[in-house]
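Counting from 1238, one number per residue, gives the positions in the sequence shown under the working numbering. Heads up, the beta-carbon is just placed ideally off N, CA and C, and yes, glycines get one too. It should be emphasised that the depicted structure is a prediction, and the values quoted were computed from it without experimental measurement. Here the structure is laid out as structure tokens; the discussion comes afterwards.
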Amino acid sequence: MPLLEPKPEALRPGAARTPSVDRVAARQAPGTPEPLRGDLVALLGPEKVLWKVSDLVKYASDASPYRFVPQVVVVPQDIDDISAILSYAHGKGREVVFRAAGTSLNGQAQGEDILVDVRHHWAGIEVLDDGARARIRPGTTIVRANAALARHGRLLGPDPASAIACTVGGVVANNASGMTAGTTRNSYRTVSSLTFVLPSGTVVDTAAPNADEELARAEPRLCEALMALKAEIEADAGLTARIRAKYEIKNTNGYRLDAFLDGSTPVQILRGLMVGSEGTFGFISEVVFDTLPLDRRVSTALLFFPSLTAAAAAVPRFNEAGAIAVELMDGNTLRASVSVQGVPADWAELPKETTALLVEFRAPDESGQEAYERAAAAVVEELDLVAPVASVTNAFTRDAKVISGYWKARKAFVTAVGGSRPSGTTLITEDFAVPPARLAEACEALLGLQARHGFDAAVAGHAAHGNLHFLLAFDAAKPSDVDRYAAFMDDFCRLTVERFDGSLKAEHATGRNIAPFLELEWGPRATELMWRTKQVIDPDGVLAPRIVLDRDPKAHLRGLKTIPEVEAIADPCIECGFCEPTCPSHDLTTSPRQRIVLRREMMRQPGGSPVETQLLDAYGYDAVDTCAGDSTCKLACPVGIDTGALMKDFRHRRHSPREERIAALTAKNFKAVEAAARLAVAAAARIGDRIGDGPLETVTALARKAVRPDLVPEWLPEIPGAAARKLPRTSRTGASAVYYPACVNRIFGGPEGHHGPSLPQAVVAVSARAGKPVWIPEDVAGTCCATIWHSKGYDEGNTVMANRIVEAAWGWTAGGRLPLVVDASSCTLGIAHEVVPYLTDENRELHRELTVVDSLVWAADELLPELTVLRKTGSAVLHPTCSMQHLGDVEQLRAVAEAVAEEVVVPDDAGCCAFAGDRGMLHKELTASATAKEAAEVNGRTYDAYLSANRMCEVGMDRATGHSYYSVLMELERATRSGAVTR
């Protein structure tokens, strides 16, 4: 064991706990039992089988209120693996559930036996016919697919609120629709073809010219049975009419029986049935969508009404005017949304009765937009709108930033309202539809029903389509609360069906919580046909049993998850999964959601239980060490949960007092540490030049084993040489700003082979060239943004350096009269924001007087207007860093790049590189995983320049792509320099 290996006990929950009824049993502590584990390892290989109890726990939860612990998790790489898994399940009498993003709200992505992760290894999009169609793999998020299509002026029809995280496979399998899809733009209507694997292992490509002949040869009984069911349905005029009527409004409850009416062959019928089948008929391995025009001329308003009834009454008028979206938010929803960054704080003061409609029109051109705006104005003129708080404008806008803010508030309904629920309560998200003309009546009835059962009312939805969503929060650990939920569901389902002839699931699919009520909505004849269809396609019941179909009238009460209280920063988490695609470690170890899920399971356990011990043993590396600490999860989370901050706190908890003292000592003596680091880098570079990097890698690897991998960096060949010992000479007289070269740029030099000015030289030169000279203080050595200590959870060292840099900056800038320009985005973030909690009261006052400016903002806003670009490089690819995302500087990066390059590309898969200062040297596998997709995209072609604005992130991208990244400010200096230039 390494000398300073942290003790897992440091993270053992210390609070008094009552073991939860749904805790993982002690017998499951060893993980996947034999022979299941051994069989699957032999079948697929050890790297594709996740068997530790920590693996099983982190996959046991999704965005739904249910929790089922699988026996094993497998991660297939191709269709051959899928077929092998299904064949094994058939032979052994086992059950299989497919899981992609885990954003489903009704437990569809949970299984109790073999759970198959089809997000890893299953992403990718091929744009066809100049964007008219797209071939998409099931692990691709909707946002990622639309990013590729946007270049062609196209987009997908389905647009669920979880588009940032949900995947194409899940969207098709649930027929999820969203804000604008309605009944005409959803997957059922816009899927051109599918490739899927049936439970038997047969692969069907519905676009193949001979698909029916091949299916008839492979599955003759299936083809015969499907055509027999079709004939039976078509012979029943009453049933046919009922099926057609049920899909006049949004409906995802049960199987798409209209597939038997719309398809004329077995393959066509199966294509329809697979949509919305929730993984119970097969695995969808590829989808070809017919895409829709991306109308870029957008006009949007958030209109406030005095009551829910008044808002609902206005919906048909906007529909008639041509609105593509009319979204409803009631007063409770609006008030809860203040937890979402950017939402006006005064919404918290809105009267409870207030209701808002988010109305949007989209047009392909200016004339179309103006026509829509005239139609919208005519409707608004006749409405009695209210403005209860100052931020309400009740006006249509074209401002993209304002529009984005409106949609952010609307899409955060589940997470914002759910995040404000009482601690320890489980969240249920229901969705139903009624004929749009009866929307107001349904809203009133729903609110009354919630009140009668003692639930806080919160309603939002796609009002244009009569589709409403509501939330229920209760304590699943209390039988009385579960009984209250059960009574509500009985009354709600009867109300929806008997009074409104509505859909019990409009777009979230049946799942586990509506399965017992399927027959109530569809009647015994149609429901029995669904059971027969399942029997025909999956006669052995291998796929997703108890999802969609379940004869147990209390099935929706089984597996409800308790939500034990965890650390305050993470406690509001509803496990929605929005954070996962942004997390650098989600393909390597754990995601932010999984870190919280694992922590909650520790809290469910009795202290010292075998399960808790196993979870703690794995948590150190899987959760704490491999967290990049970049906090991009906070940006993706609608309620701003910063799991990165929690992991930094856990790192702090693992430190011994001795480690904290040493870290503080390095902060106090950082001038000497900085000089020593520069000398060490220079020496290592010379050794590498003489004998290669191998010996350095060997020595550091041995030191890591002896001391601790999370303390001793590993030498990487991409580490740049040392920076010049002296910074450029500047004058304080006449300076427009104070320039603070970050310590990383004082220690490390530029990319290998670069012959131009260093970054500090470039910033000084280009600022002077623009008539805005900068001054570098003589005493910057020994100061730092404190991120070195902050990222590792060394609170004492962080406090020392945070206060030192603020005091120094206040003096350098003459009490804040000059801006402080920082040349590394992570350091800008550190000085501007992250140091604040560690400052003394006096230094917080000084900090408020500082203006901290990232060098990108300085260049884009202050220098570019004064510069003449003399030459441009041909093409440039950009790596926006996570710090730029936090600072909102990505557009400035693009602006500077567009000034110096003819073509600028930001990869669709750009994300945090996870180098995170030195974490890429502590855990190089983290950066390799985090950058894999971006690197593949970047290396799909060549560029003339590879640009960013953070030295260690540039090193991370060097390692990932094999190309030398450097600061965009160095390219700006080259582009504006007179005379001959070289790279």
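Its chain contains Ser1430 as the residues whose beta carbon lies nearer than 6 Å to that of Ala1444, once the 5 sequence neighbours on both sides are disregarded; these appear in chain order.
Excluding sequence positions up to five before and after Cys2190, its CB lies within less than 6 Å of the CB of Thr2118, Cys2150, Phe2152, all in the same chain and listed in chain order. With a contact defined as Cβ atoms closer than 8 Å, Pro1256 and Arg1795 miss out at about 20 Å. Contact between Ser2028 and Gly2154 holds, with the beta-carbon distance rounding to 6 Å and staying under 8 Å.
Pairing Ile1373 with Val1524 gives a Cβ-Cβ distance under 8 Å.
The Cβ neighbour count for Ser1298, taken over all protein chains shown within 10 Å, is at least 16; the residue is labelled buried. Segment contact: the segment 1289-1298 against the segment 1780-1795, fewer than three CB-CB distances shorter than 8 Å; contact not assigned. Runs of alpha helix (DSSP H) with 4 or more residues, each lying fully within the segment 1266-1311, are found at 1273-1281, 1290-1295, listed in chain order. For Ser1995, there is no enclosing alpha helix (DSSP H), as DSSP gives it neither H nor E. DSSP, reduced to helix, strand and coil, places Ser2201 outside both helices and strands of the structure shown, so it counts as coil. In this structure, Thr1652 places its C-beta atom within 8 Å of the C-beta atom of Ile1811.
Thr2088 carries a coil assignment under DSSP once its states are collapsed to helix, strand and coil.
In the structure shown, Ile1373 falls within a strand segment according to DSSP collapsed to helix, strand and coil. Checking the DSSP bridge columns, you'll see Arg1599 partnered with Val1535. Partner residues in a beta bridge of Ala1453, as assigned by DSSP, do not exist.
Apart from sequence neighbours up to five positions away, the residues of its chain that approach Asp2032 with a beta-carbon distance below 6 Å are His1889, ordered along the chain.
Taking every protein chain shown into account, the CB of Pro1988 has 16 or more other CB atoms within 10 angstroms, so this residue is buried.
In this structure, the CA atom of Leu1676 is about 17 Å from the CA atom of Gly1415.
Taking C-alpha positions only, Leu1684 is separated from Gly2148 by approximately 42 Å. Annotated three-state conformation of Leu1365 is strand, per DSSP. Between the alpha carbons of Gly1376 and Pro1965 lies a distance of about 50 Å. Arg1915 sits close to Ala1960, with the two beta carbons spaced by under 8 Å. If only complete runs of 4 or more residues are kept, the segment 1825-1882 shows the alpha helix (DSSP H) at 1829-1841, 1847-1856, 1869-1873, in order along the chain. Ranked by Cα distance from Glu2174, the first of Gln1265, Tyr1325, Ile1362, Ala1573 is Ile1362.
In chain order, Lys1285, Asp1354, His1357 place their CB closer than 6 Å to the CB of Val1312, counting only its own chain and leaving out the 5 sequence neighbours on each side. With contact defined as three or more Cβ pairs closer than 8 Å, the segment 1450-1468 and the segment 1501-1512 are in contact. Across the structure, Phe1887 and Ala1247 are spaced so that their CA atoms are roughly 8 Å apart. DSSP, read as helix, strand or coil, puts Ile2025 in helix. Straight across, the Cα-Cα distance linking Thr2077 with Val2192 is about 35 Å. A contact is defined here as three or more CB-CB pairs under 8 Å, and the segment 1598-1610 meets this definition with respect to the segment 1528-1548.
Thr2036 and Glu2079 have their C-alpha atoms roughly 14 Å apart. Val1696 and Leu1708 have their C-alpha atoms some 7 Å from each other. Straight-line spacing of the CA atoms in Thr1863 and Gln1831 works out to 13 Å. DSSP places Phe1887 within a helical segment (H, G or I) once states are collapsed to three.
Rounded to the nearest whole angstrom, the CA to CA distance from Tyr1977 to Asp2060 is 7 Å.
The DSSP-derived three-state label of Ala1746 is coil.
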